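Participant: In this note's numbering, the protein residues as written are 1 to 256.
Before anything else, here's the structure in question.
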């Protein structure tokens, strides 16, 4: 019968300042097992599948078998490497984000220290307890990832339904019950944009439709799409589309 618990291979502490004081970068390598790391200093960058993650105190990185990774030093972390037999657990871990900043989780260095202490006690029952603690930790990260995905989806829907209103970043964050900085961070991480840029994109999309399908004056279109002035509407439209509203209308009316 396959174990439902992670099988811990090794656990410990790594500090490049001590182990590799003169090195600036590690060589790219293929991850062979699950690797979970909790960083306890600011500095360094870890690159996972060509995506760079700036490492700060309290951030965590979760690499899966088959991932390609390397780091720009210095880095210092608590780490645990483990395998999994349960297909259900493997499927669940596919939903865990590869990187979380300190503001995105409740993991503490003490929790990681507890797992390390249990694993190194030499007692079989403590090793099982360490695996159980690790499983609970992974579950909390999976739940947090799902919550973040739901947060972004909710924010997107709110923006799409209310783009024509006089919305600000503060309004969107308040609707989602999070801080402006946290919502901005999540949009950048998940969508590679900001809430304000996403809002502007929705407004531009609506304006394009009105320019092609109606004979409304540009001032009315800007108002209906949530822009506070026709000049600002024209500026944003040109920035996004590369054409002014009048140029766009002349080019595409009757075609689309």
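Note that beta-carbon positions come from the ideal geometry of N, C-alpha and C, so glycine has one too.
All of these numbers come straight from a predicted model, not from anything done at the bench.
Which residues in the same chain have their Cβ closer than 8 Å to the Cβ of residue 236, if we skip the five residues on either side of it in sequence?
Facilitator: Sequence index remark: in the chain shown, residue 236 carries index 236 (1-based). For residue 236, where only same-chain residues beyond five positions count, the Cβ hits under 8 Å are 200, 203, 204 and 227.
Participant: Just to confirm before moving on: does the CB-CB distance between residue 178 and residue 151 stay below 8 Å?
Facilitator: Taking the chain shown and counting its residues from 1, one reaches residue 178 at position 178. Taking the chain shown and counting its residues from 1, one reaches residue 151 at position 151. A contact, by the Cβ cut-off of 8 Å.
Participant: Provide the residue span of the alpha helix (DSSP H) that contains residue 84, from first to last.
Facilitator: As a first step, residue 84 is located in the chain shown; it is residue number 84 there, counting from the start. Taken as a continuous stretch (DSSP letters only), residue 84 belongs to no alpha helix (DSSP H), as it is neither H nor E.
Participant: Any chance the region 28-35 sits against the region 79-97, with 3 or more Cβ pairs inside 8 Å?
Facilitator: yes
Participant: Per DSSP, what kind of secondary structure is residue 45 in: helix, strand or coil?
Facilitator: On the chain shown, residue 45 is found 45 positions in, with the first residue counted as 1. If DSSP states are grouped into helix, strand and coil, residue 45 belongs with the strands.
Participant: At what residues does the alpha helix (DSSP H) containing residue 51 begin and finish?
Facilitator: To locate residue 51, count along the chain shown from 1; it is residue 51. Note, residue 51: premise wrong, no alpha helix (DSSP H); beta strand (DSSP E) at 51-54.
Participant: Contact between the region 39-50 and the region 62-71: three or more CB pairs below 8 Å?
Facilitator: yes
Participant: Throw me the rounded Cβ distance for the residue 58 and residue 4 pair, which I believe falls under 8 Å.
Facilitator: Residue mapping note: residue 58 aligns to position 58 of the chain shown, counting from 1. Residue mapping note: residue 4 aligns to position 4 of the chain shown, counting from 1. About 29 Å; that fails the 8 Å criterion.
Participant: Only counting the same chain, and skipping five residues up and downstream in sequence, which positions put a Cβ closer than 8 Å to that of residue 216?
Facilitator: Counting from one through the chain shown, the residue named residue 216 turns up at place 216. Once the five neighbours on either side are set aside, the close Cβ partners of residue 216 are 210 and 224.
Participant: Going by CA-CA distance only, name the one from 148, 220 and 116 that's closest to residue 164.
Facilitator: Locating residue 164 in the chain shown gives position 164, counting from the first residue. It is 220 whose Cα lies nearest to the Cα of residue 164.
Participant: Which whole runs of the alpha helix (DSSP H) in the region 3-35 are 4 residues long or more, in chain order?
Facilitator: 16-19
Participant: May I have the straight-line CA-CA distance separating residue 94 from residue 157, to the nearest angstrom?
Facilitator: As a working mapping, residue 94 is identified with position 94 in the chain shown. As a working mapping, residue 157 is identified with position 157 in the chain shown. Cα to Cα, the separation comes out at about 25 Å.
Participant: Check whether the Cβ atoms of residue 60 and residue 100 lie closer than 8 Å to each other.
Facilitator: Indexing the chain shown from 1 puts residue 60 at position 60. Indexing the chain shown from 1 puts residue 100 at position 100. Result yes, Cβ atoms of residue 60 and residue 100 sit closer than 8 Å.
Participant: Could you have a look at residue 97 and say whether DSSP puts it in helix, strand or coil?
Facilitator: One-based indexing of the chain shown puts residue 97 at position 97. Coil.
Participant: Run through DSSP, which three-state label would residue 61 get?
Facilitator: Counted from its first residue, the chain shown places residue 61 at position 61. Of the three classes helix, strand and coil, the one that applies to residue 61 here is strand, per DSSP.
Participant: Please determine, among 98, 218 and 66, the residue with the shortest C-alpha to C-alpha distance to residue 55.
Facilitator: Counted from its first residue, the chain shown places residue 55 at position 55. The option with the nearest alpha carbon to residue 55 is 98.
Participant: Would you report the Cα separation of residue 249 and residue 76, rounded to the nearest angstrom?
Facilitator: As a first step, residue 249 is located in the chain shown; it is residue number 249 there, counting from the start. As a first step, residue 76 is located in the chain shown; it is residue number 76 there, counting from the start. Taking the straight line from one Cα to the other gives about 56 Å.
Participant: Check residue 79 in the structure and name its three-state DSSP category.
Facilitator: The sequence position of residue 79 within the chain shown is 79, counting from 1. Strand.
Participant: Give the secondary structure of residue 208 by DSSP, where H, G and I count as helix, E and B as strand, and everything else as coil.
Facilitator: For the purposes of this step, residue 208 is taken as residue 208 along the chain shown, with counting starting at 1. Looking at residue 208 - three-state DSSP - the assignment turns out to be helix.
Participant: Assign residue 117 to one of three DSSP states: helix, strand, or coil.
Facilitator: On the chain shown, residue 117 is found 117 positions in, with the first residue counted as 1. Residue 117 falls in the helix class under three-state DSSP.
Participant: Quick one: measure Cβ to Cβ for residue 198 and residue 176, integer angstroms, because I've assumed they're closer than 8 Å.
Facilitator: Taking the chain shown and counting its residues from 1, one reaches residue 198 at position 198. Taking the chain shown and counting its residues from 1, one reaches residue 176 at position 176. At roughly 13 Å, the Cβ-Cβ gap does not stay under 8 Å, so residue 198 and residue 176 are not in contact.
Participant: Which stretch, first to last residue, makes up the beta strand (DSSP E) that contains residue 69?
Facilitator: In the chain shown, residue 69 corresponds to position 69, counting from 1. Residues 68-72.
Participant: Do residue 162 and residue 186 have their CB atoms nearer than 8 Å?
Facilitator: For the purposes of this step, residue 162 is taken as the residue at position 162 of the chain shown. For the purposes of this step, residue 186 is taken as the residue at position 186 of the chain shown. Cβ distance not < 8 Å, so residue 162 and residue 186 don't count as in contact.
Participant: Closer than 7 Å by C-beta to residue 230: which residues in its own chain qualify, once you throw out the five before and the five after it? Chain order, please.
Facilitator: For the purposes of this step, residue 230 is taken as residue 230 along the chain shown, with counting starting at 1. Excluding positions up to five away in sequence, the list reads 218, 219 and 222.
Participant: Do you know how far the Cα of residue 182 is from the Cα of residue 167?
Facilitator: Translated into positions along the chain shown, residue 167 becomes position 167. Translated into positions along the chain shown, residue 182 becomes position 182. Using only the alpha carbons, I get a separation of about 18 Å.
Participant: Round the Cβ separation of residue 116 and residue 11 to the nearest angstrom and send it over; I've been treating them as touching at under 8 Å.
Facilitator: Walking along the chain shown from the start, residue 116 turns up at place 116. Walking along the chain shown from the start, residue 11 turns up at place 11. Between residue 11 and residue 116 the Cβ distance is about 5 Å, and since that is below 8 Å, they are a contact.
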